[in-house]
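To start, the structure itself, in structure tokens.
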Amino acid sequence: MSVLILKREEIKKVIDMREVIEEVRKVYKLKSQGKTVIWPLVNYEFEEEHAAMDIRSGYVKGEQLHGLKMLNNFPENREKGLAPFNGIMMVYDSNTGVPIGIMDASYITCMRTGAAGAIGVDSLARKDAETLMLLGAGKQAPFQIAATLLLRPNIKEVYIVDPLSFEQAETLASNMRKILQEDFDIQADQTVFLAERSIEKAVRCSDAIITVTPSRNPLIKKEWIRPGTHFSCLGSDMETKQEIESAIFAGAKIYADDKEQCIRVGEMELPLLEGVIREADILGEIGDLLCGKISGRENSDETTIFDATGLYILDLAAAKAAIAKAKKVHMGIEVEM
Numbered sequence: 082m083s084v085l086i087l088k089r090e091e092i093k094k095v096i097d098m099r100e101v102i103e104e105v106r107k108v109y110k111l112k113s114q115g116k117t118v119i120w121p122l123v124n125y126e127f128e129e130e131h132a133a134m135d136i137r138s139g140y141v142k143g144e145q146l147h148g149l150k151m152l153n154n155f156p157e158n159r160e161k162g163l164a165p166f167n168g169i170m171m172v173y174d175s176n177t178g179v180p181i182g183i184m185d186a187s188y189i190t191c192m193r194t195g196a197a198g199a200i201g202v203d204s205l206a207r208k209d210a211e212t213l214m215l216l217g218a219g220k221q222a223p224f225q226i227a228a229t230l231l232l233r234p235n236i237k238e239v240y241i242v243d244p245l246s247f248e249q250a251e252t253l254a255s256n257m258r259k260i261l262q263e264d265f266d267i268q269a270d271q272t273v274f275l276a277e278r279s280i281e282k283a284v285r286c287s288d289a290i291i292t293v294t295p296s297r298n299p300l301i302k303k304e305w306i307r308p309g310t311h312f313s314c315l316g317s318d319m320e321t322k323q324e325i326e327s328a329i330f331a332g333a334k335i336y337a338d339d340k341e342q343c344i345r346v347g348e349m350e351l352p353l354l355e356g357v358i359r360e361a362d363i364l365g366e367i368g369d370l371l372c373g374k375i376s377g378r379e380n381s382d383e384t385t386i387f388d389a390t391g392l393y394i395l396d397l398a399a400a401k402a403a404i405a406k407a408k409k410v411h412m413g414i415e416v417e418m
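Structure (structure tokens):
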């Protein structure tokens, strides 16, 4: 029994954001069709280390794959000269239970999370949306921008706001065009990337907003948003995290990646507990929308929210593509177990 082991740099060479977007879209649809299983999320916060880890697992019946990953986010690693975001992923053949791949989890996580946020924008933002805002300029931000521009190439302006470091937002904005070309093979000559200090100003100018911060205090207020704004909220994946004011949910059209998980640890957790919305106000899951089972945006004034807590079944689909392509070009190490 041989298992393919792939390093981070090897994965980067064999998977493409365009392919990952289609794999993520496909898995969301498989979930809607009852062909996936999400196993309970495990997470833990290391208080003294100001860090967190989570374990995600699942089964994609349509692909006959199951597995798990452990991700660790230790921001203070930067001061030690170490990568802050690390993880290991294991993929198994569901026909036999035999492991088929062990690999770095961080890059695949960033790719599939970028695809998820962008699919939310593409499915729910106004068709004439031209301005995108990224709240959070960390590791995930370039992936969100890349995937969104692939699906919505008519985006003319991208505001990048980081509540902790304007310098980080400035650096990303100045380098974004180069990153898109070198890392994602995307030409973005018609798009302007703007670092902005004021969250309020960027929100007031934006048609679609993607949030990717670990905030536990709402950073965006309802009074700032204009009619027809879409939110893809990706930062809330543990209890009590919150990036947007609960009041924004009132009257909005709300969608989840996994309804049960979002109610427990997603952006909608606190609005539900506070009584701003009820469970009945959640229209359904993004896969249901993609399959045409539920309606999406119906007019240009609606506020739409996609609450994405992150699903390991998306990683599995991306990992399958990486394993197949790596084997084809003889990349990675085959180990007998």
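Counting in the numbering used here, the sequence shown runs from 82 upward without gaps.
Glycine is no exception: its CB is placed at the ideal position from the N, C-alpha and C atoms.
So, for residue i: in the same chain, excluding its five sequence neighbours on each side, which residues have a beta-carbon less than 7 Å away from its beta-carbon?
i: A400; result: M170, V172, G182, M184, I189
i: F155; result: E130, A132, P165
i: P123; result: The sequence shown places Val at residue 123, not Pro. Hits under 7 Å: D135, I136.
i: T193; result: Looking at the sequence provided, one finds Arg at residue 193 rather than Thr. The residues are V101, V105, L395, D396, A399.
i: G368; result: Y109, K110, K112, S113
i: R89; result: D185, S187, Y188
i: N158; result: A164, P165
i: G377; result: S204, L205, L370
i: I375; result: L364, G365, D369
i: K93; result: Y188
i: M151; result: M134, I136, G168, I169
For residue i, which residues from the same chain have a beta carbon less than 6 Å from its beta carbon, with the 5 sequence-adjacent residues on both sides left out?
i: L260; result: In the sequence as displayed, the identity of residue 260 is Ile instead of Leu. Taken in chain order, the residues that qualify are P223.
i: T310; result: T384
i: E348; result: C314, S317, D388
i: E126; result: A133
i: D174; result: I181
i: E277; result: Y240, V242, A283
i: A210; result: D288, A289
i: M412; result: E91
Where does residue i fall in DSSP's three states?
i: D185; result: strand
i: M98; result: helix
i: L253; result: helix
i: A210; result: coil
i: F155; result: coil
i: G195; result: helix
i: R59; result: There is simply no residue 59 to check, as the chain begins at 82 and stops at 418 in what is shown.
i: V293; result: coil
i: I414; result: strand
i: V179; result: coil
i: S381; result: coil
i: G368; result: helix
i: E130; result: coil
i: T310; result: coil
i: G201; result: helix
i: I375; result: coil
i: A419; result: With the chain represented from 82 up to 418, any question about residue 419 goes unanswered, as that position is not in the structure.
i: S327; result: helix
i: R359; result: coil
i: K334; result: strand
i: L395; result: helix
i: L275; result: strand
i: D243; result: coil
i: E248; result: helix
i: D419; result: Because the chain is modelled from 82 through 418, residue 419 falls outside the range shown and cannot be assessed.
Exposed or buried, which one is residue i when buried takes at least 16 other CB atoms within 10 Å?
i: Y240; result: buried
i: K161; result: exposed
i: H147; result: buried
i: A361; result: exposed
i: K409; result: exposed
i: N235; result: exposed
i: Q342; result: buried
i: V416; result: exposed
i: D270; result: exposed
i: L354; result: exposed
i: E379; result: exposed
i: A333; result: buried
i: G139; result: buried
i: A407; result: buried
i: E144; result: buried
i: E350; result: buried
i: A405; result: exposed
i: A331; result: exposed
i: G373; result: exposed
i: G115; result: exposed
Go through its chain and collect everything with a Cβ distance to residue i's Cβ below 8 Å, but skip five positions before and after it.
i: L419; result: Residue coverage of the chain in this structure runs from 82 to 418, which leaves residue 419 outside it and unanswerable.
i: V346; result: L122, N124, S317, D318, M319, E320, K322, T390
i: M418; result: M82, S83, V84, P180
i: Q249; result: A218, G219, D243
i: G424; result: Residue 424 lies beyond the residue range present for the chain, which begins at 82 and ends at 418; the question has no answer from this structure.
i: Q221; result: C191, T194, G195, V293, L315
With a threshold of 8 Å between beta-carbons, can residue i be considered close to chain B, or not?
i: E128; result: Looking at the structure shown, chain B is missing, and only one protein chain is on hand.
Kindly confirm or deny that the stretch 208-216 and the stretch 276-289 touch, where touching means at least three C-beta pairs closer than 8 Å. yes
Count Cβ pairs between the stretch 295-302 and the stretch 325-339 that sit closer than 8 Å; are there 3 or more? yes
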